[in-house]
Amino acid sequence: MLVAASTFGNGALAAPVHAISMHGEPALPADFKHFPYVNPNVKKGGKISYGVVGTFDSLNPFILKSMRTTARGMWDPAFGNLVYESLMQRSQDEPFTMYGLLAETVEWDDDRTFIQFNLNPKARWADGRPVTAEDVMFTFELMRDKGRAPFSNRLSKVSKMEKVGDRSVRFTFNDDVDREFPMLLALSPVLPKHAINVDTFDRTTLEPPLGSGPYRVAEVRAGERIVYRRNPDYWGKDLPSKIGIDNYDEISVEYFLQENSLFEAFKKGEVDVYPEGSATKWARGYDFPAVRSGDVIKDSFTPRTPSGMLGFVFNTRRPMFDNIKLRQGLALVFDFEWVNKNLFDSAYTRTQSYWQNSSLSFLGAAADDRELGLMGDVRERINPTILDGSYRLPVTDGSGRDRNVLREAVTLLREAGYAIKDGKMVDAKGTPLAFEIMSQNAGQEKIALAYARFLAPLGIVATVRTVDDSQYQQRSQSFDYDVIIKSFPSSLSPGVEQVGRWGSQSRDRQGSENFAGVADKDVDKLISNILQARTTEDFTAAVRSHDRLLVSNAYVVPLYHLDAQWVARWKHIGRPATVPLYGYQLPTWWDERAQ
1 MLVAASTFGN GALAAPVHAI SMHGEPALPA DFKHFPYVNP NVKKGGKISY GVVGTFDSLN
61 PFILKSMRTT ARGMWDPAFG NLVYESLMQR SQDEPFTMYG LLAETVEWDD DRTFIQFNLN
121 PKARWADGRP VTAEDVMFTF ELMRDKGRAP FSNRLSKVSK MEKVGDRSVR FTFNDDVDRE
181 FPMLLALSPV LPKHAINVDT FDRTTLEPPL GSGPYRVAEV RAGERIVYRR NPDYWGKDLP
241 SKIGIDNYDE ISVEYFLQEN SLFEAFKKGE VDVYPEGSAT KWARGYDFPA VRSGDVIKDS
301 FTPRTPSGML GFVFNTRRPM FDNIKLRQGL ALVFDFEWVN KNLFDSAYTR TQSYWQNSSL
361 SFLGAAADDR ELGLMGDVRE RINPTILDGS YRLPVTDGSG RDRNVLREAV TLLREAGYAI
421 KDGKMVDAKG TPLAFEIMSQ NAGQEKIALA YARFLAPLGI VATVRTVDDS QYQQRSQSFD
481 YDVIIKSFPS SLSPGVEQVG RWGSQSRDRQ GSENFAGVAD KDVDKLISNI LQARTTEDFT
541 AAVRSHDRLL VSNAYVVPLY HLDAQWVARW KHIGRPATVP LYGYQLPTWW DERAQ
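Last residue of the sequence shown: 595 (UniProt numbering), numbering continuous.
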């Protein structure tokens, strides 16, 4: 009825499929019953209370004004997309594969010159009206005109968007498209045309919206609490991609001003789960009655994903940091061994690569002919030890003042044009090397103060300023800082988010994640190689070369990572036994009291 029998320009026959994958074929067949990491027999019911630090002033997650202050749960990678839904659902047990949700089936060609989403005829908004092709087209146009990135950019690579048949939308792409782009369209939200005021869409609002998701907003206390209740008429509850997911009748998200307050609330049972990121607290901070009695359970999960990168980020928009030798020298001064031993009970592993612990990392892998061919002349800019995979950050003696490492750092700083005079590190004009590190909380402040102490013997003045959440978000979005601590999570299917973090086009876009201010044609080239890769081999080579250049350019002082995920939960919260590729998934957990 749609276009299953249509032939396109490349001669390929487009037929509806139940799932699409970035590379290779989907792991689950068309008749799959549920994802392998859920409990398909769980009884829905009960409730859960999540806790977060911060505040919120909007229920619209798709506009710039409330980009970082939207109530959690509306469109949420951790708690789930409770109100809004995407065209397709991502499997957390495959690198990048999408299965049917609002779109029942998909059609595309081998060259990915177009994609067509065929909507599920059962898909309904919470008011009972059907989700239509007009809703899909309206949403993409609305996001283009009023939304924030990345949603606002989704039509930039589309030459034509058209309704096909009764309930299908086809996107035909222009020459700027990459192979990941159709996957991103599948991840895009859909909003109801009949319930949106276009004129006011770009303003913050606390009015509960209409969505197609499993929950409705039931209660809002601005900045303090939001409560979601299950929609008993949710249209998608029997979809294979939704079985065993969204298991509570009620979900609340409680907001706290400080992490300590949130943890105390968890200890009292006011919050049901507590993801833990502090090795010291995990080892020493859980000796309270509920743990000793078994009412609180400590779980450790081992995902099979890359480490990502946490580190001090140099803002290269500041002239001093637009100097690679300076960045490389400053990076050497951080004494990981001292920090790990004295602050974290030696629990952490030093991060050396953005994709450490995976086949996408350059560590231990020399650039082969395939990778060298993709890099071209860019290889001349990469440290030879990074190019051959033998590079490692220096291991200090743990004193905080390892003379051998500091001597190497001073050599690099001298090459950058700096020297120590009268106990101060100064440039050729005699201007002291001084900068501010902006931190967000006590944990970050502790690391920043240690770094400042390591820098002081070289005559470098690093001041540490911890700001409140609203100021931190405002300054982060406008790039108003010298150095900031940021995390760059990595997946097994990196793609267009790399443009947002490192691409020239995102450097001056407020609200982007290009915290380092990178605008480098060679970085752009290597990101493009990732986006255009057609085979797994080309993709791996492209990511490795990108990893090599990022590390060689020293935009970030690498810190550390854990090889495990830690979560404490009250025992009435149950979870599946199977842990997927990407680690634990909160939307698959349930209330044991309802079983």
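Just so you know, even glycine gets a beta-carbon here, dropped at the ideal spot from N, CA and C. Computed from a prediction, not measured in an experiment: that's the story for all the values here.
Could you give the residue range of the alpha helix (DSSP H) that holds P587?
-> Taking the first residue of the sequence shown as 1, we reach residue 587 at position 587. Segment: none, P587 is in no alpha helix (DSSP H) and carries neither H nor E.
Where the alpha helix (DSSP H) containing I527 begins and where it ends | By one-based count along the sequence shown, residue 527 stands at place 527. From DSSP, the alpha helix (DSSP H) with I527 extends over K521 to Q532.
Say whether the segment 546-564 touches the segment 189-199, bearing in mind that this needs 3 or more beta-carbon pairs closer than 8 Å, one atom from each stretch.
-> The segment 546-564 makes no contact with the segment 189-199; the number of CB pairs closer than 8 Å stays below 3.
Would you list the residues sitting across from K298 in a DSSP beta bridge?
-> As a working note, residue 298 is residue 298 in the sequence shown. K298 is bridged to A568.
Do P240 and H34 have their C-beta atoms closer together than 9 Å?
-> Start at 1 with the first residue of the sequence shown, and residue 240 comes out as number 240. Start at 1 with the first residue of the sequence shown, and residue 34 comes out as number 34. Taking 9 Å as the cut-off, the Cβ atoms of P240 and H34 count as close.
State the Cα-Cα distance for the pair G459 and V333, rounded to the nearest angstrom.
-> Looking up residue 459 in the sequence shown gives position 459. Looking up residue 333 in the sequence shown gives position 333. Cα-Cα distance, rounded: 12 Å.
Per DSSP, the bridge partner or partners of T172 | Looking up residue 172 in the sequence shown gives position 172. In DSSP, T172 forms a bridge with F114 and K160.
Specify the secondary structure class of I251 as computed by DSSP and reduced to three states.
-> Within the sequence shown, residue 251 is the residue found at index 251, counting from 1. Strand at I251.
Assuming S353 contacts S359 (C-beta within less than 8 Å), just tell me the rounded distance between them.
-> On the sequence shown, residue 353 is found 353 positions in, with the first residue counted as 1. On the sequence shown, residue 359 is found 359 positions in, with the first residue counted as 1. With 8 Å as the limit, S353 and S359 do not qualify as a contact, their Cβ atoms being about 11 Å apart.
With 16 other CB atoms within 10 Å as the buried threshold, where does R170 fall?
-> To locate residue 170, count along the sequence shown from 1; it is residue 170. It counts as buried.
Which one of E25, I48 and N529 has the shortest CA to CA distance from E592?
-> To locate residue 592, count along the sequence shown from 1; it is residue 592. Distance check between E592 and each of E25, I48 and N529 places I48 closest, using alpha-carbon atoms only.
Cβ pair H23, A533 closer than 9 Å | By 1-based counting over the sequence shown, the position of residue 23 is 23. By 1-based counting over the sequence shown, the position of residue 533 is 533. In this structure, A533 lies closer than 9 Å to H23 by Cβ.
Identity of the residues DSSP links to Q89 by a beta bridge = For the purposes of this step, residue 89 is taken as residue 89 along the sequence shown, with counting starting at 1. According to DSSP, which records beta bridges pairwise, Q89 is partnered with Y99.
For the candidate residues R403, N514, V52 and G495, whose alpha-carbon lies nearest to that of residue 608?
-> The displayed coordinates of the chain run from 1 to 595. Any statement about residue 608 would go beyond what the structure contains.
With 16 other CB atoms within 10 Å as the buried threshold, where does L363 fall?
-> To locate residue 363, count along the sequence shown from 1; it is residue 363. Result: buried.
Determine, using beta-carbon pairs with one atom in the segment 315-334 and one in the segment 407-424, whether at least three such pairs fall under 8 Å.
-> Result yes; three or more Cβ-Cβ pairs closer than 8 Å.
At a cut of 8 Å, does the segment 566-583 reach the segment 402-414 through at least three beta carbon pairs?
-> No: fewer than three Cβ pairs fall under 8 Å.
Counted within 10 angstroms of its Cβ, other Cβ atoms place T302 as buried (16 or more) or exposed = The count along the sequence shown starts at 1 and reaches residue 302 at position 302. Exposed: under 16 other Cβ atoms inside 10 Å.
Which residue from N153, F117, V83 and D377 puts its Cα closest to that of W125?
-> In the sequence shown, residue 125 corresponds to position 125, counting from 1. V83 is the residue among N153, F117, V83 and D377 whose C-alpha sits nearest the C-alpha of W125.
Compare the Cα-Cα distances from P189 to each of G54, P77, N39 and D295 and report the closest residue.
-> Taking the first residue of the sequence shown as position 1, residue 189 is located at position 189. Closest option to P189, Cα to Cα, is P77.
Thinking R154 and L64 are a contact (beta carbons under 8 Å), I'd like their distance in whole angstroms, please.
-> Here residue 154 is taken as the residue at index 154 of the sequence shown, counted from 1. Here residue 64 is taken as the residue at index 64 of the sequence shown, counted from 1. Contact doesn't hold; Cβ gap of about 15 Å is too wide.
Spell out a yes or no on whether the segment 517-536 and the segment 304-320 are touching, meaning 3 or more CB-CB pairs, one atom from each, closer than 8 Å.
-> They touch, by the three-pair rule.
DSSP three-state call for L2: helix, strand or coil?
-> The residue you call residue 2 lines up with position 2 of the sequence shown. Here the model assigns L2 a pLDDT of 33, short of 50, so the residue's position is not dependable, and the following value carries that caveat. Of the three classes helix, strand and coil, the one that applies to L2 here is coil, per DSSP.
If you draw a straight line from the alpha carbon of R507 to that of E180, how long is it in whole angstroms?
-> As a first step, residue 507 is located in the sequence shown; it is residue number 507 there, counting from the start. As a first step, residue 180 is located in the sequence shown; it is residue number 180 there, counting from the start. Taking the straight line joining both Cα atoms gives about 21 Å.
In this structure, what does DSSP give as the bridge partners for E276?
-> Residue 276 sits at position 276 when you count from the first residue of the sequence shown. In the DSSP output, where bridge partners are listed per residue, E276 has W566.
Identify which residue in A428, L455 and Y582 has its Cα closest to the Cα of G329.
-> Taking the sequence shown and counting its residues from 1, one reaches residue 329 at position 329. Selected option, being the one with the closest Cα: L455.
Give me the Cα-Cα distance between L185 and S152, rounded to the nearest whole angstrom.
-> Position 185 of the sequence shown, counting from 1, holds the residue named residue 185. Position 152 of the sequence shown, counting from 1, holds the residue named residue 152. Straight-line Cα distance between these residues: approximately 12 Å.
Measure from the alpha carbon of L559 to the alpha carbon of each residue in R392, R465, K525 and R350, then state which is nearest.
-> On the sequence shown, position 559 is the one that residue 559 refers to. Each of R392, R465, K525 and R350 was checked against the Cα of L559, and the nearest Cα belongs to R350.
Roughly how many whole angstroms lie between the Cα atoms of L581 and M161?
-> Residue mapping note: residue 581 aligns to position 581 of the sequence shown, counting from 1. Residue mapping note: residue 161 aligns to position 161 of the sequence shown, counting from 1. Distance between the alpha carbons of L581 and M161: 34 Å.
If we ignore side chains and look at the alpha-carbon of each, how far apart do D468 and Q258 end up?
-> Within the sequence shown, the letter at position 468 stands for residue 468. Within the sequence shown, the letter at position 258 stands for residue 258. Rounded to the nearest angstrom, the two C-alpha atoms are 10 Å apart.
Taking S493 as the reference, which of S512, L531 and V42 has the closest Cα?
-> Start at 1 with the first residue of the sequence shown, and residue 493 comes out as number 493. The shortest Cα separation from S493 among S512, L531 and V42 belongs to L531.
Quick one: what's got a C-beta closer than 6 Å to V557's C-beta in the same chain, skipping five residues either side?
-> In the sequence shown, the residue the question calls residue 557 occupies position 557. Cβ neighbours of V557 beyond the five flanking positions: G311, F312, A331 and F334.
Span separating the alpha-carbon of F344 from that of S278 = As a working note, residue 344 is residue 344 in the sequence shown. As a working note, residue 278 is residue 278 in the sequence shown. It is roughly 8 Å from the alpha-carbon of F344 to the alpha-carbon of S278.
With DSSP run on the structure shown, which of helix, strand or coil describes F79?
-> Position 79 of the sequence shown holds residue 79. DSSP places F79 in the coil class of the three-state scheme, outside both helix and strand.
Provide the residue span of the beta strand (DSSP E) that contains I48, from first to last.
-> By 1-based counting over the sequence shown, the position of residue 48 is 48. Run containing I48: K47 to V53, per the beta strand (DSSP E) assignment.
Other residues of its chain near L372: CB distance less than 7 Å, five sequence neighbours each side excluded | Along the sequence shown, read from residue 1 onward, the residue named residue 372 stands at position 372. For L372, the CB contacts under 7 Å within the same chain, skipping 5 residues up- and downstream, are R379 in chain order.
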